[in-house]
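Keeping their order, the protein sequence lines are chains A and B.
Under the numbering used here, think of the first position of the first sequence as 61, with each following residue one higher.
Under the numbering used here, think of the first position of the second sequence as 61, with each following residue one higher.
Idealized CB from N, CA, C, for every residue including glycine.
There are 2 protein chains.
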Amino acid sequence: MKDNKSISAPVIKRLPRYYRFLGELLQSGVMRTSSRELSEKMGLTASQIRQDLNCFGGFGQQGYGYPVESLYREIGLILGLDKSYNTVLIGAGNLGKAVALSMSFEKRGFHLAGIFDNDPRKLGEEIRGLKVKNTSELEQFCTENNIQAAILCIPKYAAPEIADRLYSIGIRSFWNFSHFDPSVKYKDIIVENVHLNDSLMILCYKMTENKAINS
Amino acid sequence: MKDNKSISAPVIKRLPRYYRFLGELLQSGVMRTSSRELSEKMGLTASQIRQDLNCFGGFGQQGYGYPVESLYREIGLILGLDKSYNTVLIGAGNLGKAVALSMSFEKRGFHLAGIFDNDPRKLGEEIRGLKVKNTSELEQFCTENNIQAAILCIPKYAAPEIADRLYSIGIRSFWNFSHFDPSVKYKDIIVENVHLNDSLMILCYKMTENKAINS
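Right under this line is the structure:
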């Protein structure tokens, strides 16, 4: 494996897709694949794929293709999926519930340790085996449970205060579904924003132009 | 406005972000902005921004910057946000509800006309003023209401059948939250996939490498 520092941002952003496709190949019992096969599945050129995979070590063998399992494992390690970052989710509304229930956190490097909401009607409700706690307990819980990341499934107006509170107890990593970007205020944090509106606008563009752009 | 056909896919993908930032500037009453200001907000270089905006017509004036309102409006038109594509949402679980309730469809070129589910307990429930209908009524409803796009908030196992049924009545555009990609089978459709798992894996990568990559 080459030094990850040298992998460019666009390649990084493609890593989860490689990981997904390789995982599907593995599930179907495919042990070797070629840049041509990956190219057809992923909508990238074969040469782009060879170039990408070359970034993290010479996996391919001319004429033999890529070993699916070790490539899958290696990309998982680069992504850090063997980690288990303790995580809280804030906001137990529809979106928070959907996120809590549908994600395989453990396979993605995370351990969901607590779910918080400030709506009294939600407190005590059980989601994914976790009882929803009052956000008033947030700081104590995070400190006691060595929480490293927070998932924000809260409205824009509620996000600045929650971000401030989490930042003040040392949490620096956010999976952010709110329409507020904490990285504008805090420069030393890691934020992965999910902008569903952007995705919807891209669909609108594709329909308007009537053209397919891989997503 | 230049011919949109000449705008490259990476620029297209940045358009919603420009649209968001310009919208925020407008809301704060800012009437002119510079590539430097946009650059700071968006985490792109100023020259990249000048190059991007140049793709759809020479908006900037050396030393005067960009007129926020007309740039915002023009990008909206390029994205097609003045359209109103009739849309159905399939799957009224937590994710479907969250999507139905949180998106400003009308400002994004869409009109949400119907919500469907096959769970008898959900039928008749009202979400965003729409009563959840039985998926058995899907074809008739879509035909009668000139539906042009479908939002799939259904599990992977349910998606192939629903995609087949929608395709058979002429629906070719999908906003897809399911872990099944209908574009593998159908090559003449437009699909915008939302892969929350990919986003979570990128967060894991950023935390593991402890570096910030703009998202």
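Which of helix, strand or coil DSSP assigns to residue i
{"i": "LEU212 (chain B)", "result": "strand"}
{"i": "TYR246 (chain B)", "result": "coil"}
{"i": "TYR217 (chain A)", "result": "helix"}
{"i": "GLU185 (chain B)", "result": "coil"}
{"i": "ASN270 (chain A)", "result": "coil"}
{"i": "GLY153 (chain B)", "result": "coil"}
{"i": "THR203 (chain B)", "result": "helix"}
{"i": "LEU82 (chain B)", "result": "helix"}
{"i": "LEU141 (chain A)", "result": "coil"}
{"i": "PHE165 (chain B)", "result": "helix"}
{"i": "LEU75 (chain B)", "result": "helix"}
{"i": "ILE262 (chain A)", "result": "helix"}
{"i": "SER107 (chain A)", "result": "helix"}
{"i": "ASP241 (chain A)", "result": "coil"}
{"i": "ILE135 (chain B)", "result": "helix"}
{"i": "ILE67 (chain B)", "result": "coil"}
{"i": "SER88 (chain A)", "result": "coil"}
Residue closest to residue i, alpha-carbon to alpha-carbon, out of the options
{"i": "LEU85 (chain A)", "options": "A:GLU129, A:GLY151 and A:PHE201", "result": "A:GLU129"}
{"i": "ARG133 (chain A)", "options": "A:TYR78, A:GLY184, A:SER88 and A:LEU263", "result": "A:TYR78"}
{"i": "ILE175 (chain B)", "options": "B:GLN108, B:SER164 and B:VAL159", "result": "B:VAL159"}
{"i": "GLU186 (chain A)", "options": "A:THR195, A:PHE170 and A:LYS157", "result": "A:LYS157"}
{"i": "LYS182 (chain B)", "options": "B:GLY189, B:LEU226, B:PRO242 and B:LYS193", "result": "B:LYS193"}
{"i": "LYS191 (chain A)", "options": "A:ALA209, A:PHE165 and A:ILE150", "result": "A:ILE150"}
{"i": "THR203 (chain A)", "options": "A:VAL148, A:ASP142 and A:ASP241", "result": "A:VAL148"}
{"i": "LEU212 (chain A)", "options": "A:CYS264, A:SER94, A:SER233 and A:SER99", "result": "A:SER233"}
{"i": "VAL32 (chain B)", "options": "A:VAL251, A:SER144 and A:MET261", "result": "Outside the displayed span of chain B (61 to 275) sits residue 32 (chain B), for which this structure offers no information."}
{"i": "PHE116 (chain A)", "options": "A:GLY103, A:GLU100 and A:ILE138", "result": "A:ILE138"}
{"i": "GLN277 (chain A)", "options": "A:PHE240, A:MET91, A:LEU75 and A:SER88", "result": "The question about residue 277 (chain A) has no answer, for chain A in this structure spans 61 to 275."}
{"i": "GLY54 (chain A)", "options": "B:GLU269, B:LYS247 and B:LEU256", "result": "Missing from the structure shown is residue 54 (chain A); chain A here goes from 61 to 275 and no further."}
{"i": "HIS171 (chain B)", "options": "B:ASP224, B:GLU197, B:ALA152 and B:ASP142", "result": "B:ASP142"}
{"i": "LEU82 (chain B)", "options": "B:ILE72, B:LYS101 and B:VAL71", "result": "B:LYS101"}
{"i": "CYS264 (chain A)", "options": "B:CYS264, B:GLY136, B:ILE231 and B:VAL71", "result": "B:GLY136"}
{"i": "ASN146 (chain B)", "options": "B:PHE240, B:TRP235 and B:VAL244", "result": "B:TRP235"}
{"i": "ASN178 (chain B)", "options": "B:GLU197, B:GLY169, B:PHE165 and B:ARG188", "result": "B:GLU197"}
Assigned exposure category for residue i - 16 Cβ within 10 Å defines buried
{"i": "ALA219 (chain A)", "result": "buried"}
{"i": "ILE229 (chain A)", "result": "exposed"}
{"i": "LYS62 (chain A)", "result": "Caution is warranted here: a pLDDT of 45 is assigned to LYS62 (chain A), below 50, making its placement in the model unreliable, and the coordinate value is therefore given only provisionally. The residue is exposed, with fewer than 16 neighbouring Cβ atoms inside 10 Å."}
{"i": "ASN154 (chain A)", "result": "buried"}
{"i": "GLY140 (chain B)", "result": "buried"}
{"i": "ALA69 (chain B)", "result": "exposed"}
{"i": "ARG80 (chain B)", "result": "buried"}
{"i": "TYR51 (chain B)", "result": "Outside the displayed span of chain B (61 to 275) sits residue 51 (chain B), for which this structure offers no information."}
{"i": "VAL90 (chain A)", "result": "exposed"}
{"i": "SER88 (chain A)", "result": "exposed"}
{"i": "SER95 (chain B)", "result": "buried"}
{"i": "GLN208 (chain A)", "result": "buried"}
{"i": "LYS266 (chain B)", "result": "buried"}
{"i": "VAL57 (chain A)", "result": "Residue 57 (chain A) is absent from the structure shown; chain A starts at 61 and stops at 275."}
{"i": "GLY169 (chain B)", "result": "buried"}
{"i": "PRO242 (chain B)", "result": "buried"}
Per DSSP, the bridge partner or partners of residue i
{"i": "ASP177 (chain A)", "result": "A:ASN194"}
{"i": "SER233 (chain A)", "result": "A:ALA209 and A:ILE250"}
{"i": "THR93 (chain B)", "result": "B:TYR126"}
{"i": "HIS171 (chain A)", "result": "A:ASN146"}
9 Å Cβ cutoff, residue i in contact with chain B
{"i": "MET91 (chain A)", "result": "no"}
{"i": "ILE179 (chain A)", "result": "Checking the displayed sequence, the identity of residue 179 (chain A) turns out to be Asp instead of Ile. Chain B contact via Cβ: absent."}
{"i": "PHE116 (chain A)", "result": "no"}
{"i": "SER259 (chain A)", "result": "yes"}
{"i": "CYS264 (chain A)", "result": "yes"}
{"i": "GLY174 (chain A)", "result": "no"}
{"i": "ARG80 (chain A)", "result": "yes"}
{"i": "HIS255 (chain A)", "result": "yes"}
{"i": "ASN270 (chain A)", "result": "yes"}
{"i": "GLY153 (chain A)", "result": "yes"}
{"i": "LYS157 (chain A)", "result": "yes"}
Minimum Cβ-Cβ distance from residue i to chain C less than 9 Å
{"i": "GLU166 (chain B)", "result": "Protein chains in the displayed structure are A and B, and chain C is not among them."}
Cβ of residue i within 9 Å of any chain A Cβ
{"i": "GLU252 (chain B)", "result": "yes"}
{"i": "ILE72 (chain B)", "result": "yes"}
{"i": "LEU104 (chain B)", "result": "no"}
{"i": "THR203 (chain B)", "result": "no"}
{"i": "ASN274 (chain B)", "result": "Reliability of the predicted coordinates at ASN274 (chain B) is poor, the pLDDT of 45 falling under 50, and the value obtained from them is presented with this limitation in mind. At least one chain A Cβ lies under 9 Å of ASN274 (chain B)."}
{"i": "GLY230 (chain B)", "result": "no"}
{"i": "LYS143 (chain B)", "result": "yes"}
{"i": "ASN206 (chain B)", "result": "no"}
{"i": "PRO76 (chain B)", "result": "yes"}
{"i": "SER107 (chain B)", "result": "no"}
{"i": "SER162 (chain B)", "result": "yes"}
{"i": "LEU139 (chain B)", "result": "yes"}
{"i": "VAL244 (chain B)", "result": "yes"}
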